[in-house]
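K.L.:
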Amino acid sequence: MSHGLKLNLRGIMNKKELEKLTRKILKKDRNTFDYLNKKEKLLVFSFAEEYKTFLDNAKTEREAVNEIIKMAEAKGFINIDIISNKKLLKTKKVYKVFKGKSVGLAVLGGEPVENGINIIASHIDSPRLDLKQNPLYEDLDLALMKTHYYGGIKKYQWFSVPLALHGIIIKSNGEKLNITIGENIKDPIFAVSDLLPHLAGKLQQNKKVSDVFEGEKLNILCGSMSLGDTKLKNRFKLGVLKLLYDKYGITEEDFISAEIEAVPAAKARDVGFDRSMIGAYGQDDRACAFAELKAFFAVENPSKPAMALFFDKEEIGSEGNTGAKSKFTEDFILELLLINTEKANYRTMRKTMVNSQCISADVNAAIDPDFKEVHEKMNAAKLGAGICITKYTGSRGKAGASDANAEFLSKIIQTFNKNKVIWQTGELGKIDEGGGGTLGKFLAKSGMEVLDCGPALLSMHSPLEISSKADIYMTYIGYKSFFSIS
Ligand code: MN
Ligand code: MN
Numbered sequence: 002m003s004h005g006l007k008l009n010l011r012g013i014m015n016k017k018e019l020e021k022l023t024r025k026i027l028k029k030d031r032n033t034f035d036y037l038n039k040k041e042k043l044l045v046f047s048f049a050e051e052y053k054t055f056l057d058n059a060k061t062e063r064e065a066v067n068e069i070i071k072m073a074e075a076k077g078f079i080n081i082d083i084i085s086n087k088k089l090l091k092t093k094k095v096y097k098v099f100k101g102k103s104v105g106l107a108v109l110g111g112e113p114v115e116n117g118i119n120i121i122a123s124h125i126d127s128p129r130l131d132l133k134q135n136p137l138y139e140d141l142d143l144a145l146m147k148t149h150y151y152g153g154i155k156k157y158q159w160f161s162v163p164l165a166l167h168g169i170i171i172k173s174n175g176e177k178l179n180i181t182i183g184e185n186i187k188d189p190i191f192a193v194s195d196l197l198p199h200l201a202g203k204l205q206q207n208k209k210v211s212d213v214f215e216g217e218k219l220n221i222l223c224g225s226m227s228l229g230d231t232k233l234k235n236r237f238k239l240g241v242l243k244l245l246y247d248k249y250g251i252t253e254e255d256f257i258s259a260e261i262e263a264v265p266a267a268k269a270r271d272v273g274f275d276r277s278m279i280g281a282y283g284q285d286d287r288a289c290a291f292a293e294l295k296a297f298f299a300v301e302n303p304s305k306p307a308m309a310l311f312f313d314k315e316e317i318g319s320e321g322n323t324g325a326k327s328k329f330t331e332d333f334i335l336e337l338l339l340i341n342t343e344k345a346n347y348r349t350m351r352k353t354m355v356n357s358q359c360i361s362a363d364v365n366a367a368i369d370p371d372f373k374e375v376h377e378k379m380n381a382a383k384l385g386a387g388i389c390i391t392k393y394t395g396s397r398g399k400a401g402a403s404d405a406n407a408e409f410l411s412k413i414i415q416t417f418n419k420n421k422v423i424w425q426t427g428e429l430g431k432i433d434e435g436g437g438g439t440l441g442k443f444l445a446k447s448g449m450e451v452l453d454c455g456p457a458l459l460s461m462h463s464p465l466e467i468s469s470k471a472d473i474y475m476t477y478i479g480y481k482s483f484f485s486i487s
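Per the working numbering, residue 2 is the first one in the sequence shown, and the count goes up by one each step.
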């Protein structure tokens with residue numbers, strides 16, 4: 002195309018012409034609630050109720066996997082790893098679990114798997130405090146537990162908040178115990194204590210926040226009643242251990258292999274007089290995981306195979322055998338090829354991946370009225386403005402980014418517009434302000450098209466992340482439309 006733009010020689014346009022032109026060529030910024038009718042608003046609020054229940058039932062990656070399997074089995078999905086080959090060849094709806102911490106669902110249909118799959122991938126781990134291997138100790142007649150934080154947290158936010166313990170303990174005889182303490186109103190809770198303001202002057206208030214709230218100070222109070230008199234060594238620690246031994250039959254050594262996570266002991270709640278928002282722990286990234294799951298279940302007879310992946314370990318770089326860097330996706334695709342009676346070999350698996358298109362379903366940061374300065378307003382996401390499309394992640398010159406192709410991005414926008422999805426775009430903060438990544442780039446490595454897309458949150462990674470109910474619903478509508486792409 003030539004660059005010969007015509008000169009603008011006509012005079013000022015009249016009001017009507019200008020309005021028409023504005024509507025036609027200027028991009029619209031929208032607030033989702035403005036665009037919803039009464040019926041749609043009711044759908045938004047009922048969807049939010051289901052979402053809150055999911056958040057309460059799935060506070061850890063293991064719990065999320067269990068919830069997802071429960072819901073999938075209720076919809077007739079079959080575990081691809083435990084049924085006979087004969088039955089497998091007839092089934093179209095399957096799931097696959099990886100080590101109890103990642104799970105994938107797939108629906109076959111329409112075209113061969115080799116021609117590509119519509120994939121949405123989210124993560125089900127969230128920032129938290131993990132108990133250390135040797136957690137228990139006593140100091141000043143108090144029993145405490147040492148933690149190592151998991152993921153990117155602002156450490157001060159974890160002091161003085163009620164905490165619950167979730168996780169598994171494997172006893173020396175191999176028996177596996179699932180424990181949850183602190184969620185029931187009758188349960189005790191746990192807490193990291195903080196210094197009173199009266200004495201915080203020298204030690205805390207004139208120092209850098211990061212220096213004051215050290216990781217090694219994130220120690221959880223867990224008891225203050227001893228066994229025995231002052232002559233007994235470790236009497237407060239023993240007090241706690243005896244209770245655990247009596248209740249669960251566990252000993253101190255069993256903590257070494259245990260995976261126990263301290264998470265905020267609170268249920269998901271409505272926020273605001275109008276109940277338009279949700280405040281809860283773990284919305285990064287269970288907002289996307291839930292919307293993805295519901296959108297996936299809405300796929301009845303897809304024109305091409307559809308897949309929903311839920312990964313662990315995103316918050317620490319998608320590492321290990323349960324993160325998006327693992328071979329889970331490849332294994333699952335190979336098995337799908339097999340049950341669809343296609344060639345289950347490396348070449349066909351690679352073809353499938355290159356032909357696939359994927360939404361990396363993760364949250365973005367909503368611009369905060371009190372901290373606007375870290376964003377570039379024109380390219381920041383707003384709470385309530387719909388599902389957020391993030392073309393590229395990364396930081397400082399797009400380093401470490403997953404950067405979606407123009408062609409794929411345009412395809413998604415066209416799909417969203419056709420399906421009346423309210424959407425916006427957002428980039429994570431101003432240039433050189435900071436940044437972050439998602440699991441998108443690890444899936445993009447396989448050759449599939451990948452675009453980051455999900456709701457924007459306020460207070461991300463805090464014990465109380467805030468979302469807009471309208472955005473959560475639009476994320477669901479957006480994901481549902483993605484699965485319909487042929
Ligand atoms: Mn995330
Ligand atoms: Mn995160």
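Where is the CB? At the ideal position from N, CA and C, for every residue including glycine.
To which residues does DSSP link L164 through a beta bridge?
P.N.:
F191 and P265
K.L.:
Whose C-beta lies closer than 7 Å to the C-beta of N116 among residues of the same chain, with five residues either side of it excluded?
P.N.:
K305 and N356
K.L.:
Per DSSP, which residues does D404 bridge with? Please list them.
P.N.:
D404 pairs with Y393.
K.L.:
What first and last residue would you give for the beta strand (DSSP E) that runs through Q425?
P.N.:
DSSP places Q425 in the uninterrupted beta strand (DSSP E) bounded by W424 to T426.
K.L.:
Under the rule that 16 or more other beta-carbon atoms within 10 Å means buried, what is R348, buried or exposed?
P.N.:
exposed
K.L.:
Leaving out five residues before and five after I1 in sequence, what residues of the same chain have Cβ atoms less than 6 Å from its Cβ?
P.N.:
Residue coverage of the chain in this structure runs from 2 to 487, which leaves residue 1 outside it and unanswerable.
K.L.:
How would you call K383, buried or exposed, if buried means at least 16 neighbouring beta carbons within 10 angstroms?
P.N.:
Buried is the label assigned to K383, since at least 16 other Cβ atoms lie within 10 Å of its Cβ.
K.L.:
Buried or exposed: M449, going by 16 or more other Cβ atoms within 10 Å of its Cβ?
P.N.:
That one is buried.
K.L.:
Is the closest heavy atom of ligand 1 to the C-beta of D472 under 8 Å?
P.N.:
no
K.L.:
Go ahead and pull the three-state DSSP assignment for N174.
P.N.:
coil
K.L.:
Short check: CB of D313 to CB of S103, under 9 Å?
P.N.:
yes
K.L.:
Quick check: the Cα distance between I257 and D363, rounded to an integer number of angstroms?
P.N.:
Their Cα atoms are separated by approximately 32 Å.
K.L.:
Any idea if L43 is buried or exposed, counting beta-carbon neighbours within 10 angstroms, 16 or more meaning buried?
P.N.:
exposed
K.L.:
I need the DSSP call for V104, collapsed to helix, strand or coil.
P.N.:
strand
K.L.:
Would you list the one or two residues that DSSP bridges to N322?
P.N.:
Answer by DSSP bridge pairing: none, since N322 is not bridged.
K.L.:
Sort D126, S173 and G175 by Cα distance to E262 and report the nearest one.
P.N.:
D126
K.L.:
Measuring only the C-alpha atoms, how far is I388 from A75?
P.N.:
28 Å
K.L.:
Would you tell me roughly how many angstroms separate the C-alpha atoms of L196 and D285, rounded to the nearest one?
P.N.:
29 Å
K.L.:
Can you give the Cα-Cα distance for I70 and G101, rounded to whole angstroms?
P.N.:
10 Å
K.L.:
Pick out whichever of K431, E18, I390 and P265 has its Cα sitting closest to the Cα of I182.
P.N.:
P265
K.L.:
Per DSSP, what kind of secondary structure is M146 in: helix, strand or coil?
P.N.:
Strand.
K.L.:
If we call anything under 9 Å between Cβ atoms a contact, is E254 one with S173?
P.N.:
The beta carbons of E254 and S173 sit closer together than 9 Å.
K.L.:
Would you report the Cα separation of G318 and T439, rounded to the nearest angstrom?
P.N.:
8 Å
K.L.:
Since L106 and A309 should fall inside the 8 Å C-beta cutoff, what is the C-beta to C-beta distance between them, to a whole number of angstroms?
P.N.:
Distance from L106 to A309 at the Cβ level is roughly 5 Å; contact confirmed, criterion being Cβ atoms closer than 8 Å.
K.L.:
Under three-state DSSP, which class holds N185?
P.N.:
coil
K.L.:
Could you compute how far the alpha carbon of G455 sits from the alpha carbon of T476?
P.N.:
6 Å
K.L.:
Does N341 come out as helix, strand or coil in the three-state DSSP assignment?
P.N.:
coil
K.L.:
Excluding five sequence neighbours on each side, which residues of the same chain lie with their C-beta closer than 7 Å to the C-beta of A292?
P.N.:
If we look at A292 and ignore the five residues flanking it on each side, its Cβ neighbours are I473, T476, Y477 and Y480.
K.L.:
Runs of 4 residues minimum, wholly inside the stretch 55 to 97: which ones carry the alpha helix (DSSP H) assignment?
P.N.:
62 to 75 and 86 to 89
K.L.:
Can you list, in chain order, every residue whose CB sits closer than 6 Å to a heavy atom of ligand 2?
P.N.:
D285, E316 and H462
K.L.:
Taking C-beta to C-beta, are K156 and G216 nearer than 9 Å?
P.N.:
A contact, by the Cβ cut-off of 9 Å.
K.L.:
If you draw a straight line from the alpha carbon of K352 to that of I334, how long is it in whole angstroms?
P.N.:
11 Å
K.L.:
Name the two residues that bound the continuous alpha helix (DSSP H) containing K442.
P.N.:
G441 to A445
K.L.:
Check Y477 in the structure and name its three-state DSSP category.
P.N.:
helix
K.L.:
Within a Cβ cutoff of 7 Å, which residues of the same chain sit near N365, ignoring the five residues on either side of it in sequence?
P.N.:
A382, C389, T391, G427, L429, G455 and A457
K.L.:
Is V451 helix, strand or coil when you go by DSSP?
P.N.:
The answer is strand: DSSP assigns V451 an E or B state.
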